[in-house]
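Residues -4 to 448, numbered by the numbering used here, are exactly what the sequence shown covers, in order.
Read through the structure below, which is laid out as C-alpha cells, and then see the notes.
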Amino acid sequence: MKKVHIISIGGAVMHNIAIQLQRQGYQVTGSDDILFDPSMSRLEEAGLLPDQTGWDPDRITHDLDFVIAGMHAKLDNPELQKAQAIGLKIHSFPSYVRSRAEDQTRIVVAGSHGKTTTASMIVHLMQELGVCTDHLIGAKIEGLDDIVTFEGCPYFVLEGDEYPSSALDPKPKFLHYDPHYLIITGIAWDHMNVFPTYAQYFNAFVSLMESLHPGCVVIYNSYDSEVARLISMCDPAQAIPYQMLPFEVRNGVFVVEEDHALRVIGRHNMENLTAAVTLCEQLGMEKTALLEAAETYSGASRRLELLLNTEYGTAYIDFAHAPSKVKASVQAVRELHPDRPLIAVLELHTYSSLNKDFLPQYRDSLAPADLAVVMFDPRIVENKNMEALEETDIRRSFGRDDIVVVHDQTALGLVVEQALEGYIPDKVNVILMSSGSFGGLDVKKKLSNQWDL
C-alpha cells in the first residue's frame, strides 16, 4: 500500500485528489492551517480530516512514497521543509496529475475564461455518448460526483490554468500537462499579483505553445484577437479555429442550430460549446449526437447558475471576477430578456480587481445593466497593503458615473431591496457576481424575502 501525505489538503482540487487516492487503496494523510466546507465535511466523511489544523513536521516520515504540496504550502512550511530535507519525492498537484495521465490522451482547456465550463462540457458530451474519460475540473458539476477522477479511461480532460503550480514549482500549471489536444478559449489579463504586466501574462501562453509536441492539435477561438495573435506568432503544426455555433434566443432559451434548446445561457457559452463540439468531432464523434447531448448540460457551480426564477424576476449567481468574465456574464443575462430591467452586482474581491492600476480593465463591463452596483471592502484593500480605492476610482474606471458603490453587506442588502421595490411591477433580472461571499450576505435569502417567497 502506497503512502502519501498532502500538504494543504483543504483545497478544492487537493481534497478531491486525497479522496480519489484513498478510494484506490492509498494510505492518505494530510494537513492544512485552515479548513472550510465543503472540503472539511467531505474529508471528515472520508476519514481524512486532520486531527488538528496547522503544520507538524512529525507527519513527514521516511516511509512516505511521495508528498503532494498545494499552492498554500509556502517555502517556509515546516512539513515541506522536512520533506525536502529527507529527500522525499514532492509533487505539485499538476505534476502528480500529469504522472497519472501518462498513458492517456490528454485534452487540456486553457485560457483566461471559460475553462471550467468548456472542460465540463467536453466531459458531459463524452459521457453522454458513452466515451470514458477522466477529468480535472475546477468546480462542481451537476451529474459528476467528483471534480477529479483517476479511473484509467482512454482520455483525460484537464482544466489547465496559468497560475503557478506550487511554491517549489512556480511555472504555470498548464505547462505540466503535455496535451495531445489543446483548446485556448481567450486571453485577457488576469492574476496581476503573479503577472504584473500584460506582456508577462501573455508570455505564459507563449511558453505553453512552445512546450507543445509536434503532434498536438490546437483548437482556438478565432474571435479572440489575442488568441489569434498567439497562433500567428507560434504557428503550431495543427491549428483548428472555431467561432460560434449559430444560435438564437427564444422565450429566454438559447437555441443552437435551430432546434437544440440549451439549459445554459450567454454568447460566451455558445463559444464554449463550439469549442467542446469541435474537440469531440476531432475524436470521431458525430455533431448531431453531440448537440443532442448538449441539451442536458446544466452548467458548472456558480457559472451563471440560476439562483431564483419567480413571477417577480430571475436571479443568477456567477463566479465572474475578471473583466472579460464580468462583461460576458452581464451581456448574457441582458440578451436572455432584453426587455426586462437588469440589476448587476459585482463584488471586487481579488488582488487584481482591487488594484487601482488594473481597474480600468473593467471599463464598460457593466454597461448593459440598468443599475450597476459595485461592492468592495476597504479593509481588505488595507490588509493587502494596496493603495486605497475611492468611489470616484470605481466610477471612472468602469466608465459609469451612476454606479452605486457599497462597502458591506448591510449597504448591499439595502440597495438591492430599494432597487427591486423601484421596479415593481416589472419583472426584473438580477446577476450577482463574486469570487467571494458578498461580505457574508445570504443573497438568495435576501432576494427570496424581497420577492415574498
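C-beta atoms are modelled at their ideal positions from N, C-alpha and C, and glycine is treated no differently.
Note that the structure is predicted; figures quoted are calculated from it, not measured.
Leaving out the 5 sequence neighbours to the left and right, which residues in its chain are closer than 6 angstroms to residue i when beta-carbon positions are compared?
| i | result |
| --- | --- |
| T309 | N424 |
| A134 | T111, A295 and S296 |
| A114 | V104, I132, V152 and E154 |
| L83 | L59 and V62 |
| L303 | A310 and L442 |
| V438 | L427 |
| L331 | G247 and I260 |
| V340 | V368 and L427 |
| G434 | D403 and Q404 |
| P355 | S392 |
| M121 | T128 |
Could you round the C-beta distance between residue i and residue j to whole angstroms and report it? I think they count as a contact, below 8 angstroms.
| i | j | result |
| --- | --- | --- |
| L286 | H255 | 4 angstroms |
| L16 | V23 | 5 angstroms |
| Y292 | H119 | 5 angstroms |
| G449 | T180 | The chain is shown from -4 up to 448; residue 449 falls before or after that span and cannot be answered. |
| R37 | H10 | 6 angstroms |
| H402 | A327 | The Cβ separation is near 27 angstroms, so there is no contact. |
| P182 | D141 | It is Ile, not Pro, that sits at residue 182 in the sequence shown. That pair is no contact at about 29 angstroms. |
| E157 | N216 | 16 angstroms between Cβ atoms; not a contact. |
| I117 | I102 | 7 angstroms |
| L449 | M(-4) | The requested residue 449 does not occur in the structure, where the chain is confined to residues -4 to 448. |
| L274 | I178 | 6 angstroms |
| Y346 | N188 | 4 angstroms |
| K379 | Y307 | Not quite, the Cβ-Cβ distance comes to about 38 angstroms (not below 8 angstroms), so this is no contact. |
Got a sec? Which residues, its chain only, sit under 8 angstroms from residue i by beta carbon, not counting five neighbours each side?
| i | result |
| --- | --- |
| H344 | H316, F371, I375, S429, S430 and G431 |
| A41 | A13, I14 and Q17 |
| V399 | L366, A367, V368, V369 and V410 |
| A68 | I2, S3, E74, L75, S161 and A162 |
| G408 | L436 and K441 |
| E454 | Given a span of -4 to 448 for the chain in the structure shown, any question on residue 454 remains unanswerable. |
| A288 | H119, L120, E123 and L124 |
| A323 | H108, G261, R262, H263 and A315 |
| R395 | L361, A362 and A367 |
From the DSSP output, which residues share a beta bridge with residue i?
| i | result |
| --- | --- |
| E154 | V104 |
| D46 | BP columns for D46 are empty, so no partner. |
| E243 | V250 |
| E342 | M370 |
| H86 | I63 |
| T24 | H0 |
| A256 | V250 |
| V399 | V368 |
| N424 | T309 and L337 |
| V143 | L131 |
| A284 | Its beta-bridge partners do not exist; DSSP assigns none. |
| I136 | A295 |
| P167 | P159 |
Which residues mark the beginning and the end of the beta strand (DSSP E) in which residue i is found?
| i | result |
| --- | --- |
| M370 | L366 to M370 |
| N216 | V212 to N216 |
| D313 | G308 to D313 |
| N304 | E300 to N304 |
| Y452 | There is simply no residue 452 to check, as the chain begins at -4 and stops at 448 in what is shown. |
| N350 | Premise fails: N350 is in no beta strand (DSSP E) and is neither H nor E. |
| P236 | Q233 to Y237 |
| D129 | T128 to L131 |
Please find out if some non-hydrogen atom of the ligand ATP comes closer than 7 angstroms to the beta-carbon of residue i.
| i | result |
| --- | --- |
| V328 | In the structure shown, the ligand ATP is absent, as is every other ligand, since no ligand is present at all. |
Spatial neighbours of residue i within its chain, please: C-beta separation below 7 angstroms, excluding the five flanking residues on both sides.
| i | result |
| --- | --- |
| P363 | V325, Q326, R329 and L337 |
| I88 | In the sequence under discussion, the amino acid at residue 88 is Phe, which differs from the Ile named in the question. Same-chain partners within the cutoff: V8, M9, I12, I63 and G65. |
| A223 | S217 |
| K282 | V272 and E276 |
| E412 | Q445 |
So the alpha helix (DSSP H) residue i belongs to, where does it begin and stop?
| i | result |
| --- | --- |
| A459 | A question about residue 459 goes unanswered here, because the residues of the chain that appear run from -4 up to 448. |
| M228 | S220 to C229 |
| Q79 | P73 to A80 |
| L203 | Y193 to S206 |
| E123 | K110 to E123 |
| E39 | S34 to A41 |
| M9 | A7 to R18 |
| A414 | Q404 to Y418 |
| D388 | E386 to F393 |
| P318 | P318 to L331 |
| L442 | V438 to Q445 |
Establish whether the CB of residue i and some CB of chain D are separated by less than 8 angstroms.
| i | result |
| --- | --- |
| P420 | Protein chains in the displayed structure number just one, and chain D is not present. |
For the stretch 40 to 52 against the stretch 1 to 16, do three or more pairs of beta-carbon atoms, one drawn from each stretch, fall closer than 8 angstroms, so that the two count as touching? Flag = yes, the stretch 40 to 52 and the stretch 1 to 16 touch.
Give a yes or no on contact between the stretch 376 to 390 and the stretch 407 to 427, applying the rule of three or more CB pairs nearer than 8 angstroms. no
Taking three-plus beta-carbon pairs below 8 angstroms as touching, is the stretch 245 to 253 in contact with the stretch 195 to 204? no
Could you check whether the stretch 81 to 99 touches the stretch 161 to 175, counting it as contact only if at least three pairs of C-beta atoms, one from each stretch, sit closer than 8 angstroms? yes
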